[in-house]
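What follows is a single structure, written as structure tokens, with notes after it.
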Amino acid sequence: MPSPSDGNPKRDWCRTRDLALGPSRFHWQSQCLGFADYVSHEGERPLAIRWRLQGPIPGAFYPELAVAV
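Take any residue in the sequence shown, note its place counting from 1, add 893, and you have its number in my numbering.
Okay, structure coming up:
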């Protein structure tokens, strides 16, 4: 089921809309912060992937992303 959203992109960055489309298909959504290079990954369920952005995080997102770090 999609997560609720108030439409504010600065708050919506962490609200994913992942849902099953059938027994073997799913919809996965993420926030694009620019081009990135793969750094590492760990785990299986959930899988965590680390990326290195090729440019700085857009200013509108940084205050909320910094809380998550």
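A virtual CB, placed ideally from N, CA and C, is assigned to each residue, including glycine.
This structure is a prediction, so every number in the text was calculated from the model and none was measured.
In whole angstroms, what separates the C-alpha of residue i from that of residue j?
i       : j       : result
Gly-927 : Pro-951 : 9 Å
His-920 : Val-932 : 24 Å
Glu-935 : Ser-923 : 18 Å
Gly-948 : Ser-917 : 36 Å
Ala-959 : Leu-946 : 15 Å
Provide the residue span of the beta strand (DSSP E) that contains residue i, from first to last.
i       : result
Ile-942 : 941 to 946
Leu-926 : Run containing Leu-926: none; DSSP gives neither H nor E here.
Gly-915 : 912 to 915
How is residue i classed by DSSP in three states: helix, strand or coil?
i       : result
Glu-935 : strand
Ala-959 : helix
Phe-954 : coil
Pro-949 : coil
Measuring only between beta-carbons, confirm whether residue i sits less than 9 Å from chain B.
i       : result
Leu-940 : No chain B appears in the structure shown, which is made up of a single protein chain.
Have a look at the options and flag the residue whose alpha-carbon is nearest the alpha-carbon of residue i.
i       : options                   : result
Ile-942 : Pro-949, Phe-954, Ala-929 : Ala-929
Trp-944 : Leu-912, Cys-925, Arg-910 : Cys-925
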